[in-house]
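**Q** I'd like to ask some things about the structure below.
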Amino acid sequence: MHNPAHKLTGGFILGSARCGSTLVSDILRLHPAILSLSELFSTVGPNAFRPDQLSGETFWHNLSKPSRALSQIGNPDSAPNEFLYGRVKAPAHDPWFCPPILAITLPHLSHSPDALFAQLASEIPQWNRRDIGDQYRALFQSLANNQGGKQIWVERSGGSLVAAKTLLDMFPEARPVLLLRNGPDTVLSMRDYPATRVAIWMWRHLRPFGIDLLDPQTHYGRGALWPVIERLGSVFGLRSILAKRPSLTDSAAFWSAMMETGLQTLMGRDLMVLSYEELCAAPRQEITHLGQYLLGDAPEAWVEAASQLPEQRPSKIATLTSTEREALYAGCARGELAIREFQSHRASSRTDG
Numbered sequence: 002m003h004n005p006a007h008k009l010t011g012g013f014i015l016g017s018a019r020c021g022s023t024l025v026s027d028i029l030r031l032h033p034a035i036l037s038l039s040e041l042f043s044t045v046g047p048n049a050f051r052p053d054q055l056s057g058e059t060f061w062h063n064l065s066k067p068s069r070a071l072s073q074i075g076n077p078d079s080a081p082n083e084f085l086y087g088r089v090k091a092p093a094h095d096p097w098f099c100p101p102i103l104a105i106t107l108p109h110l111s112h113s114p115d116a117l118f119a120q121l122a123s124e125i126p127q128w129n130r131r132d133i134g135d136q137y138r139a140l141f142q143s144l145a146n147n148q149g150g151k152q153i154w155v156e157r158s159g160g161s162l163v164a165a166k167t168l169l170d171m172f173p174e175a176r177p178v179l180l181l182r183n184g185p186d187t188v189l190s191m192r193d194y195p196a197t198r199v200a201i202w203m204w205r206h207l208r209p210f211g212i213d214l215l216d217p218q219t220h221y222g223r224g225a226l227w228p229v230i231e232r233l234g235s236v237f238g239l240r241s242i243l244a245k246r247p248s249l250t251d252s253a254a255f256w257s258a259m260m261e262t263g264l265q266t267l268m269g270r271d272l273m274v275l276s277y278e279e280l281c282a283a284p285r286q287e288i289t290h291l292g293q294y295l296l297g298d299a300p301e302a303w304v305e306a307a308s309q310l311p312e313q314r315p316s317k318i319a320t321l322t323s324t325e326r327e328a329l330y331a332g333c334a335r336g337e338l339a340i341r342e343f344q345s346h347r348a349s350s351r352t353d354g
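Position in the sequence shown counted from 1, then plus 1, gives you the numbering used here.
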């Protein structure tokens, strides 16, 4: 089957997870010309960026085959706010064991995600073998055709900063947005969220065996061992990991390592930096900037509607003991330094230019 040529431009929201990126996806969804893709790569999981070439049949298999390991992390009980398929009335699939692309991505786009899934199921397996990036581009074009009037796709997955190099190499046409949030509040949210609990555990316990979740070349979704590890998780279960809060020290060290590694890969890249705190404090200004950066257009109706979404919330840091705060700040120090150095490098580059 011949596939339609892709005409869309692209963009990414790159962040650490628990940094406000779900809010940004919701903001983008309201823009009439933006195809907002929420958690596509994260839910495809260990095969998100591999192999380099694949058939339409294999590509659809990766998008549609339920995973018991991933279903333990994302389901209506563990993540009710993020797991959108759990809200679908009379779902065609089991919400506790559903196709990855149905978990969040399609319900975020459509009020009829099952119908959209069925349409893709009839189309994608017929596609020719080609580079994985081109398979995704064709998927984005198909979704844009379904939604109508879209000019740009913008994908946002929690923790996508880990895959920044892979994403920008695979989609050089995409406009990256780096979303930053202060380390301590991000870490406190990370240690209470199922997916990041598992990520922290894997980073902490697999590195001694030479498997680094954050490695720019072999990160989760790219390295050849991740499908094997995911299958082991299906066999042995993840409940004990999900049930136990990681320590503040491990959580903060994980965030700092992600900042150091991810920001290093972004040095010298042309991108927009969006602060979660500034987005909540001055939503109209930041949302206007975001729209103009992505496609040179920030319609007033969109800015007005989207600016109602951000909310300033009290920090949880005040609930910690002094000892816990010290551990949290100490663990975040390297990551905060990486952010300052990254921002300083950007400022000096603009001055030199």
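From the three backbone atoms N, C-alpha and C, an ideal C-beta is built for every residue, glycine too. Computed from a prediction, not measured in an experiment: that's the story for all the values here.
From the DSSP output, in three-state form, read off E337 for me.
**A** Helix at E337.
**Q** Under three-state DSSP, which class holds I14?
**A** Here I14 sits in strand by DSSP.
**Q** Please state whether the Cβ-Cβ distance between L181 and S276 is less than 7 Å.
**A** Yes, the Cβ-Cβ distance between L181 and S276 is below 7 Å.
**Q** Touching or not, the segment 309-318 and the segment 279-289, by the rule of three or more beta carbon pairs under 8 Å?
**A** Taking 8 Å as the limit for Cβ pairs, the verdict is that the segment 279-289 does touch the segment 309-318.
**Q** Using the Cα positions of P67 and Q142, report the straight-line distance between them to the nearest angstrom.
**A** About 24 Å.
**Q** Would you call the segment 158-165 and the segment 311-328 touching, i.e. three or more CB-CB distances under 8 Å?
**A** No, because fewer than three Cβ pairs between the segment 158-165 and the segment 311-328 fall closer than 8 Å, the two stretches do not touch.
**Q** Output the distance between the C-alpha atoms of M203 and P300, rounded to the nearest integer angstrom.
**A** C-alpha separation (whole angstroms): 43 Å.
**Q** According to DSSP, is W154 helix, strand or coil?
**A** If DSSP states are grouped into helix, strand and coil, W154 belongs with the strands.
**Q** Near P228, which residues of its chain fall below 7 Å by C-beta distance, leaving aside the five closest residues on each side in sequence?
**A** P47 and N48.
**Q** Can you tell me whether D193 is buried or exposed? The criterion is at least 16 other CB atoms within 10 Å of its CB, across all chains shown.
**A** Classification of D193: exposed, given that the 10 Å Cβ count is below 16.
**Q** Counting only C-beta atoms, is S22 closer than 7 Å to chain B at any point?
**A** No chain B appears in the structure shown, which is made up of a single protein chain.
**Q** Report yes if the CB atom of D132 is closer than 7 Å to the CB atom of R205, and no otherwise.
**A** No. Outside cutoff.
**Q** Ignore the nearest five residues each way along the sequence and tell me which others in Y86's own chain have a CB closer than 6 Å to its CB.
**A** Excluding residues within five positions, the ones whose Cβ falls inside 6 Å are P96, C99, L103, A104 and P108.
**Q** Looking only at its chain, what residues have a beta carbon closer than 8 Å to the beta carbon of F343, apart from the 5 residues adjacent to it on each side?
**A** Only L264, L267 and M268 meet the Cβ criterion.
**Q** Do you know offhand how far L226's Cα is from G75's?
**A** C-alpha separation (whole angstroms): 21 Å.
**Q** Hey, which unbroken runs of the alpha helix (DSSP H) at 4 residues or more fall wholly within the segment 230-272?
**A** Fully enclosed alpha helix (DSSP H) runs of 4 or longer: 240-244 and 249-267.
**Q** Hey, quick one: how far does the beta strand (DSSP E) through R176 stretch, first residue to last?
**A** Taken as a continuous stretch (DSSP letters only), the beta strand (DSSP E) holding R176 covers R176 to L181.
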